[in-house]
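**Student:** Residue numbers (the working numbering): 4 to 517. Note that CB positions come from ideal geometry on N, CA and C, so glycine has one too. Got a structure for you, questions after.
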Amino acid sequence: MKQYRYLPMIKSPEDLKALTDSEVHELSREIRSFLVDQVTKTGGHLASNLGIVELTIAMHRVFHSPDDHFVFDVGHQAYVHKMLTGRLGDFAALRQNGGLSGFTKRSESVHDPFGAGHSSTSLSAAIGLATAEKMKGTDNYTVCVIGDGAYTGGMIHEALNNVKKDLRLIIILNENEMSISPNTGRYAKNLSRLRSTSGYYDVKNNTRNFLNSIPVIGTPLTDAMRDIKQSVKDLVYHSNLFEDLGLYYLGPADGNDPETAETLLRVAKEANQSVLIHFKTVKGKGWRPAEEAPDVFHAIPPMKYRSKETANAPKAPTYSSVFGETLLELMKERKDIRAITAAMADGTGLRSVAQAFPGRFSDVGIAEAHMITYAAGLSAGGIYPVAAVYSSFLQRAYDNLIHDTALQKLPMTVAIDRAGFCDDDGPTHHGLFDVAMFSSLPEAEIYTPCAFSSLRAALREAVSNGALNAVRYPKGSEIPALTEHFRIGENDPVTPVRMDFDRGDRPECLIVTY
4 MKQYRYLPMI KSPEDLKALT DSEVHELSRE IRSFLVDQVT KTGGHLASNL
54 GIVELTIAMH RVFHSPDDHF VFDVGHQAYV HKMLTGRLGD FAALRQNGGL
104 SGFTKRSESV HDPFGAGHSS TSLSAAIGLA TAEKMKGTDN YTVCVIGDGA
154 YTGGMIHEAL NNVKKDLRLI IILNENEMSI SPNTGRYAKN LSRLRSTSGY
204 YDVKNNTRNF LNSIPVIGTP LTDAMRDIKQ SVKDLVYHSN LFEDLGLYYL
254 GPADGNDPET AETLLRVAKE ANQSVLIHFK TVKGKGWRPA EEAPDVFHAI
304 PPMKYRSKET ANAPKAPTYS SVFGETLLEL MKERKDIRAI TAAMADGTGL
354 RSVAQAFPGR FSDVGIAEAH MITYAAGLSA GGIYPVAAVY SSFLQRAYDN
404 LIHDTALQKL PMTVAIDRAG FCDDDGPTHH GLFDVAMFSS LPEAEIYTPC
454 AFSSLRAALR EAVSNGALNA VRYPKGSEIP ALTEHFRIGE NDPVTPVRMD
504 FDRGDRPECL IVTY
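Listed below in structure tokens is the structure:
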């Protein structure tokens, strides 16, 4: 910590407010240096946190946590927030048992008003917090940070439809990958830059106040100027979803510029209504490897798994990679199979499938409920769906498994990755409920392979049995002690153990253990 000048001085968010602009820039550099040093050792989400440094500092300089609430979608981009709220010394145990969570966590700090781990929940929670503050009659603000990836989740759109204008709610859309509202041309860029300066809002407010002071014609003049301004703005930017929903929209603006970020946050704070600020940031900013390959450095394993020897060695097979290889073989044999995932093509081992069969692969975004009903529609139309999803993310689609799939007796296979404990990701990612979910579904079959060979056999049987199937397997590779005990070889015949559950008047559920 001795090499840092300003970072050790920040014991609470209030310490940020006395910093000069030049000191804020230096603090930003120190935070990035600390993140690279620490996260490359412990593992964790790196690129997204490098990109949100200035924006997080600006939030804490403008608002007053914990009285004002900061809600981060997923929570994996809240490392800077944790550093600025008294948890800097805990980063050596990031994502370790008993250590600092990789996500926001209510029990960890009063500065984490709402826990997370799954995507697209932030705005719904933020509306609830802002409504609670309104009902209590406080002046507290709620600031919700949503990444553009989370914006693909349906819950965000459901929540946007429920935003009330009279809340002290500031929504920050942090765009760092996909372009949500691209603006091209010099005029649009210059207007955006102008609208991000404090001088622009000073002139705007002074002009409005002057016109309103003119007797009789003042108010009509103000209204006319507002309409003209909106027409010019629409001509350049076009109308967007947020303004159509009645939100006060600011941006797009550079979220990596501290002065710009602070200016727009202060304008939003003074607006006395719900506001959406659209910031653009650079994922991985400040560290070249992460800037050049933000996907690679989005989440990285601990250093102990990245030695020079292991880095140069061929990657060991995992259950995910074996699943992808087996499904690819099946899709070559059967033209009626379609692979589906929810924003997890790499994590579930489907990248090779997507490359080999782009016309028979769907990535639906962060929309697990839609994924299952979409799969049910495919099944109803005579196409066989194989949906790959992490166990804890599948929890979001329980109703769709019941209502849209099981009750209609539609065959499909759900490949449940990360079943069981999921080590450093913690309780929000442990896959502990999928067996309970599927065992409650009529005529569902659950396959629990304990080796790569049995995973291949289970998948092949599942896609052929005409039922609703779950093939569940853990994160990582085979456990040698387990495979040796059961003497399961690559070419050995695999005999399943079947357990029928009598449900009285209801059809049975079949659990198949390989």
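#1: Rounded to the nearest angstrom, what separates serine 467 and leucine 244 at their Cα positions?
#2: What would DSSP say about methionine 347, mapped onto helix, strand or coil?
#3: Short check: CB of valine 389 to CB of threonine 416, under 7 Å?
#4: Which residues bound the alpha helix (DSSP H) around threonine 145?
#5: For aspartate 428, does the count of other Cβ atoms within 10 angstroms reach 16, so buried, or fall short, so exposed?
#6: Going by CA-CA distance only, name the one from Phe441, Ile34, Glu246 that's closest to tyrosine 401.
#7: Beta-carbon within less than 7 Å of aspartate 115's beta-carbon, same chain only, minus the 5 sequence neighbours each way: which residues are those?
#8: Nearest-angstrom Cα distance between serine 15 and lysine 85?
#9: Given arginine 269, which residues of its chain have a CB within under 7 Å of its CB, disregarding the five upstream and five downstream residues?
#10: Which term fits asparagine 193, buried or exposed, when burial requires 16 or more other beta carbons within 10 angstroms of its beta carbon?
#11: Does the beta carbon of arginine 399 fall short of 6 Å from some heavy atom of the ligand SAM?
#12: Hey, is the stretch 466-486 in contact with the stretch 443-452, meaning 3+ C-beta pairs nearer than 8 Å?
#13: Does alanine 465 come out as helix, strand or coil in the three-state DSSP assignment?
#14: Enumerate in chain order the residues of its own chain whose CB-to-CB distance from leucine 19 is below 7 Å, with the five nearest sequence positions on each side excluded.
#15: Using CA atoms only, rank isn't needed, just tell me which of Ala378, Thr284, Ser324 is closest to valine 148.
#16: Of all the alpha helix (DSSP H) runs that stay within the bounds of the stretch 78-114, which reach a length of 4 or more residues?
#17: Would you kindly report the start and end of the unbroken alpha helix (DSSP H) that includes serine 31?
#18: How many angstroms separate the CA atom of proline 261 from the CA atom of threonine 23?
#19: At which residue ranges does the stretch 395-456 contain complete beta strand (DSSP E) runs of 3 or more residues, listed in the order of the chain?
#20: Quick one: what does DSSP say asparagine 179 is sitting in, helix, strand or coil?
#21: So glycine 102 and alanine 96 are in contact, right, with Cβ under 8 Å, and what is the actual spacing, rounded?
#22: Let me know the secondary structure DSSP gives lysine 283 once reduced to three states.
#23: Give the single residue among Arg32, Ala21, Glu17 whose Cα lies nearest to the Cα of tyrosine 7.
#24: Cutting at 7 Å between CB atoms, please list the residues of its own chain near glutamate 481, excluding the five before and the five after it.
#25: Is it buried or exposed, threonine 141, if we count other Cβ atoms within 10 angstroms and call 16 or more buried?
#26: Mapping DSSP to helix, strand and coil, what is alanine 473?
#27: Using 10 angstroms around the beta-carbon of valine 113, count the other beta-carbons present and answer buried if the total reaches 16, otherwise exposed.
#28: Taking contact to mean 3 or more Cβ pairs, one atom from each stretch, closer than 8 Å, check whether the stretch 116-124 and the stretch 322-338 are in contact.
#29: Please say whether glycine 258 and leucine 53 have beta carbons closer to each other than 7 Å?
#30: Let me confirm a value: serine 25 is counted as buried when at least 16 other C-beta atoms fall within 10 Å, else exposed. Which label applies?
#31: Do alanine 296 and isoleucine 343 have their C-beta atoms within less than 7 Å of each other?
#32: Roughly how many whole angstroms lie between the Cα atoms of alanine 409 and valine 39?
#33: Span of the beta strand (DSSP E) holding aspartate 257?
#34: Suppose you measure from the CA of alanine 50 to the CA of lysine 286; what does that come to, to the nearest Å?
#35: Could you please give me the residues that DSSP links to proline 388 through a beta bridge?
#36: What is the DSSP secondary structure of aspartate 169, counted as helix, strand or coil?
**Tutor:** Answer, in terms of the structure:
#1: Between serine 467 and leucine 244, the alpha-carbon positions lie close to 44 Å from each other.
#2: Reduced to three states, the DSSP call for methionine 347 is coil.
#3: Contact flag set, yes.
#4: Note, threonine 145: premise wrong, no alpha helix (DSSP H); beta strand (DSSP E) at 145-150.
#5: By the 10 Å Cβ count, aspartate 428 comes out buried.
#6: Answer by Cα proximity: Phe441.
#7: Within the same chain, aspartate 115 has close Cβ partners Thr107, Lys108, Arg109.
#8: So the two alpha carbons sit approximately 10 Å from each other.
#9: Result list for arginine 269: Val65, in chain order.
#10: At asparagine 193, the pLDDT of 43 sits below 50, so the modelled position is not reliable and the matter cannot be decided from this model.
#11: As far as ligands go, the structure on display features none, and thus does not contain the ligand SAM.
#12: They touch, by the three-pair rule.
#13: Of the three classes helix, strand and coil, the one that applies to alanine 465 here is helix, per DSSP.
#14: Excluding sequence neighbours, leucine 19 sits near Ile13, Ile60, His63, Arg64, Leu87.
#15: Comparing Cα-Cα distances from valine 148 to each of Ala378, Thr284, Ser324, the minimum goes to Thr284.
#16: Taken in chain order, the complete alpha helix (DSSP H) segments of 4 or more residues contained in the stretch 78-114 are 82-85.
#17: Note, serine 31: alpha helix (DSSP H), 24-45.
#18: Each residue's Cα considered, the two are about 11 Å apart.
#19: 415-420, 447-451, all fully within the stretch 395-456.
#20: Three-state result, asparagine 179: coil.
#21: With a beta-carbon spacing of about 3 Å, glycine 102 and alanine 96 fall inside the 8 Å limit used to define contacts.
#22: Here DSSP, grouped into helix, strand and coil, assigns lysine 283 to strand.
#23: Nearest of Arg32, Ala21, Glu17 to tyrosine 7, Cα basis: Arg32.
#24: Only Ala454, Phe455 meet the Cβ criterion.
#25: Around the CB of threonine 141, fewer than 16 other CB atoms lie within 10 Å, so the residue is classed as exposed.
#26: Strand.
#27: With fewer than 16 other beta carbons inside 10 angstroms of its own, valine 113 counts as exposed.
#28: Note that the stretch 116-124 does not touch the stretch 322-338; fewer than 3 beta-carbon pairs, one per stretch, sit closer than 8 Å.
#29: With respect to glycine 258, leucine 53 sits apart: the two C-beta atoms are not nearer than 7 Å.
#30: Exposed is the call here.
#31: Their beta carbons are not under 7 Å apart, which means alanine 296 does not touch isoleucine 343 by this criterion.
#32: So the two alpha carbons sit approximately 47 Å from each other.
#33: The continuous beta strand (DSSP E) containing aspartate 257 extends over residues 251-257.
#34: Alanine 50 and lysine 286 have their alpha carbons spaced roughly 5 Å apart.
#35: Proline 388 is bridged to Arg341.
#36: Three-state result, aspartate 169: coil.
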